[in-house]
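First residue of the sequence shown: 1, per full-length UniProt numbering; consecutive thereafter.
Beta carbons are placed, not taken as given, at the ideal position from N, Cα and C, and that holds for glycine.
Structure first, commentary second.
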Amino acid sequence: MRGLTPQRMKTLDQIFVFIFYFYIHLMKQQIDLKLLQQQREERFQKSLFGANQMSQPVEDKPANSKVPMLSNENFVQIYVKCTITPEFVAQKELREDNVDNEIDIVFDDVIENEELGMKKEYNVFVERQLVQQIKLLKQNYIEKQDLIKMPVCGSNGIRLPEEQDLLLYFEFFKIRENSTECQLLLQSQDLKSLYGLLICGCLFSDEIAQDLTFKFLTKKPTLEIIMKLLLVTVHYESKYQMYMYKLVKQILYFYNGILKEITDPLLNDVIQNLKQLSIEKPNIIRVNTKGFSLKINTTFLYPLYKQYEKERAAVFKPINEYTQFQVLRNADIPDQTEDSEYPHIYIIKKQSDQQQYLYGVQLEAHAEIQIYDNKCEKYQKYNDSYLGCVERNIWGTSMVVYDDGYPESAQLQFPDWIGQKRRRLMKIEYETNIMANEPRYFDTVFLNLDTKQWEELITLRPHYNQEKDCYQLNFFGRAKIASARNFQLIKAGDDKTIQLLHGKMEANSFNLDFRPPLSILQAFAISMVSISSKALVS
1 MRGLTPQRMK TLDQIFVFIF YFYIHLMKQQ IDLKLLQQQR EERFQKSLFG ANQMSQPVED
61 KPANSKVPML SNENFVQIYV KCTITPEFVA QKELREDNVD NEIDIVFDDV IENEELGMKK
121 EYNVFVERQL VQQIKLLKQN YIEKQDLIKM PVCGSNGIRL PEEQDLLLYF EFFKIRENST
181 ECQLLLQSQD LKSLYGLLIC GCLFSDEIAQ DLTFKFLTKK PTLEIIMKLL LVTVHYESKY
241 QMYMYKLVKQ ILYFYNGILK EITDPLLNDV IQNLKQLSIE KPNIIRVNTK GFSLKINTTF
301 LYPLYKQYEK ERAAVFKPIN EYTQFQVLRN ADIPDQTEDS EYPHIYIIKK QSDQQQYLYG
361 VQLEAHAEIQ IYDNKCEKYQ KYNDSYLGCV ERNIWGTSMV VYDDGYPESA QLQFPDWIGQ
421 KRRRLMKIEY ETNIMANEPR YFDTVFLNLD TKQWEELITL RPHYNQEKDC YQLNFFGRAK
481 IASARNFQLI KAGDDKTIQL LHGKMEANSF NLDFRPPLSI LQAFAISMVS ISSKALVS
């Protein structure tokens, strides 16, 4: 080759040789790794199904164990070690008006009055063939000891899985694919056993066990059952934990008269007896039943509260970059004209992929605008899809945007970490313009949820063209119809950077382009406010 000296050729040859041997070395390592994994799997199979020596338990079998010590040819020992954290979660107490009532407050299907820091240990045996099928058992199997070590972490007040719970779960696991046999097994169990099976279903991440047990426990739900399911599903991280969190939140909103109608049919019977419920600030829910009261500390719901907030953060927090959206009005109403009858439905879509983000609903001409994250059969304030609202004065000149929190007047009726007091996200102030002799002007201050600081935007004033006798502003092709609803927002002192552009394309179609630090919900609120009618603004 031209330009390659013998010395350079020699160097290239050395590089190629190095790369070749390095590749061979990597291939050999992959082959050795596969052989090692195969050998480990073979040893695991052999230890499970080919061992002849007796297993060596870590501790003697508890005297109260109902399971005999058996050869490991058929069974493997599970050493269960439960540790209870000092955090108070739930407690069962005698009611003051039933002091003489002979009720055992210690025995309960979910609540346990364990001492702080107490440890609970026991041995139980599982059929060897199940170890390979149940992922958690396989992961915790110690080959050298032919033993499964199973740690369980509990909280003060919530029952731990017991020996009979694990045995029931293993029995269930063997028939879990046979729905008829599963139904018969569950029908034969008492309430405590069903809760125990649900706990084991959570521990072993068994969705079938969770689904069937949850269905059985909610056949005839009571307020007490709902609260106990909240304790179990949240503490043991069930697939139902967020559902139960939202369910209890719905109960409290209804209890305080904020939610006017229950949306989940599971609660139809529960809400008939909400006199049992009381709230003790800052973080106690109390359920009074016959002879005793159930006391729940809502502090343990904090992770669910944060997860719930995180799920909705995409529409509340500032958007990442300058993005183009479309806002449609009355998209679900056949008569799509400027004078369509109410309610008005608004939808915001991302222009690039047409993904729908939010829905706005205005029931009457001068009513508030409610914002939802999903299309609903019946739009009801404070349901699970509700995100906030735009409240307005009677003249349509002043609007305030709130999130989905409960009103400040109800603050004392809500424990910590179930909902929050509503936050003001934005305020919009219009200049009166009854004669419509000038363009609409408004200012807005909004909360940046990243910095927790308030920021201000103002209307970019168009210039007046004397020759054409009209106001003009460049919309860069994002507005096709002249309209009072065409506007741009800027920061004071910076008229070169457009923070938000709103342009009319068709009778009920508008372009909405904006950049951070505005959020999708805030920009959507600005658009809906500009489109809706206002008494003193033309």
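Looking only at its own chain, which residues have a Cβ that is under 6 Å from the Cβ of T497, when we skip the five neighbours before and after it? Correct list: empty, nothing qualifies.
How about G388 and Y402: do their beta carbons lie closer than 7 Å? Between G388 and Y402, the CB-CB gap stays under 7 Å.
What whole-angstrom Cβ distance do R128 and V76 have, given they're in contact under 8 Å? The beta-carbon distance between R128 and V76, rounded to whole angstroms, is 5 Å. This is short enough to meet the 8 Å contact definition.
DSSP three-state assignment for D353, whether helix, strand or coil: D353: coil per DSSP, three-state reduction.
Check whether F170 and V126 have beta carbons under 7 Å apart: In this structure, the beta-carbon distance from F170 to V126 falls below 7 Å.
Return the bridge partner residues of I371 from the DSSP annotation. Paired residue(s): G360, G388.
For P161 versus I199, is the C-beta distance shorter than 7 Å? In this structure, I199 lies closer than 7 Å to P161 by Cβ.
Are the beta-carbon atoms belonging to S527 and P318 less than 7 Å from one another? Against a cut-off of 7 Å, the Cβ pair of P318 and S527 comes out as no contact.
Pairwise C-alpha distance: I175 and G196: The straight-line gap separating the alpha-carbon atoms of G196 and I175 is approximately 17 Å.
Contact under 7 Å by Cβ, Y430 with T397: In this structure, Y430 lies near T397, with their beta-carbon atoms less than 7 Å apart.
Do the region 410-427 and the region 444-455 meet, that is, are 3 or more Cβ pairs less than 8 Å apart? In short, these stretches touch, since the Cβ pair count reaches three.
Mapping DSSP to helix, strand and coil, what is A90? If DSSP states are grouped into helix, strand and coil, A90 belongs with the strands.
Thinking C-alpha only, which one of A209, K219, V124, D494 is nearest E163? Minimum Cα distance to E163 is reached at V124.
Shorter than 7 Å from the beta carbon of N486 to some beta carbon of chain D? Among the chains of the structure shown, chain D does not appear; only one protein chain is present.
In chain order, what residues of the same chain have a beta carbon less than 6 Å from the beta carbon of T233, not counting five sequence neighbours either side? Residues of the same chain with a CB within less than 6 Å of the CB of T233, apart from the 5 flanking positions on each side, are Y240, Q241, M244 in chain order.
With DSSP collapsed to three states, give me the class of H344. H344 falls in the strand class under three-state DSSP.
From the DSSP secondary-structure annotation, give me the bridge partner or partners of P318. Assignment of beta-bridge partners to P318 by DSSP yields S519.
Who are the near neighbours of P516 in its chain, counting only those whose CB is closer than 6 Å to its CB and skipping five residues on each side? Cβ within range, chain order: P318, I319.
Beta strand (DSSP E) segments (min. 3 residues) lying fully within the region 250-289: Complete beta strand (DSSP E) runs here, min 3: 277-280, 284-289.
Could you give the uninterrupted runs of the beta strand (DSSP E) lying entirely in the UniProt domain "Tubby C-terminal" (454-531), keeping only those of 3 residues or more? Those beta strand (DSSP E) runs which fall completely within the UniProt domain "Tubby C-terminal" (454-531) and span 3+ residues are 463-465, 470-472, 487-490, 500-506, 509-514.
Looking only at its chain, what residues have a beta carbon closer than 6 Å to the beta carbon of V58, apart from the 5 residues adjacent to it on each side? Only weak support is given to the placement of V58: the predicted model assigns it a pLDDT of 43, under 50, and the question is left unresolved by the model.
Ordered along the chain, which non-local residues of its own chain (more than five positions away) have a Cβ less than 8 Å from that of S533? Excluding residues within five positions, the ones whose Cβ falls inside 8 Å are A365, H366, G396.
Can you give me the C-alpha to C-alpha distance between Y406 and Q351, rounded to a whole angstrom? The C-alpha of Q351 is placed about 33 Å away from the C-alpha of Y406.
Start and end of the alpha helix (DSSP H) containing V537? Run containing V537: none; DSSP gives neither H nor E here.
Run the proximity test for T213: is its beta-carbon closer than 6 Å to any non-hydrogen atom belonging to the ligand FMN? Inclusion of the ligand FMN in the displayed structure is not the case, the ligand content being empty and no account of it being possible.
Can you confirm whether the region 176-193 touches the region 270-288 when touching is taken to mean that 3 or more C-beta pairs between the two stretches lie within less than 8 Å? In short, these stretches do not touch, since the Cβ pair count stays below three.
Under 7 Å, do L460 and Q488 count as touching if we go by C-beta distance? It is a contact, given that the beta carbons lie within the stated cut-off.
Going along the chain, which residues of its own chain have a beta-carbon closer than 6 Å to the beta-carbon of N374, five neighbours each way excluded? Excluding sequence neighbours, N374 sits near S385.
Helix, strand or coil: which one does DSSP assign to L12? It is helical.
Taking only the alpha-carbon atoms, compute the straight-line gap between L137 and L358 and give it to the nearest angstrom. Looking at the two C-alpha atoms, the distance is approximately 44 Å.
To which residues of the same chain is C82 closer than 6 Å at the C-beta, ignoring the five residues directly before and after it? Around C82: K120, V152, G154, L160.
For T451, I'd like the list of residues in its chain whose CB is within less than 8 Å of its CB, leaving aside the five on either flank, ordered along the chain. The beta carbon of T451 sits closer than 8 Å to those of P517, all from its chain and outside the five residues before and after it, given in chain order.
Please work out which residues of its chain come closer than 6 Å, Cβ to Cβ, to Q91, disregarding the five sequence neighbours upstream and downstream, and give them in chain order. Closer than 6 Å at Cβ, skipping near neighbours: G157, K295.
Residues that Y122 bridges to, as DSSP identifies them: Y122 is bridged to V80.
Between the C-alpha atoms of H235 and C202, what's the straight-line distance to the nearest angstrom? If I take the Cα positions, the gap works out to 9 Å.
Hey, L512 and F325: beta-carbon distance below 7 Å or not? Closer than 7 Å, so yes.
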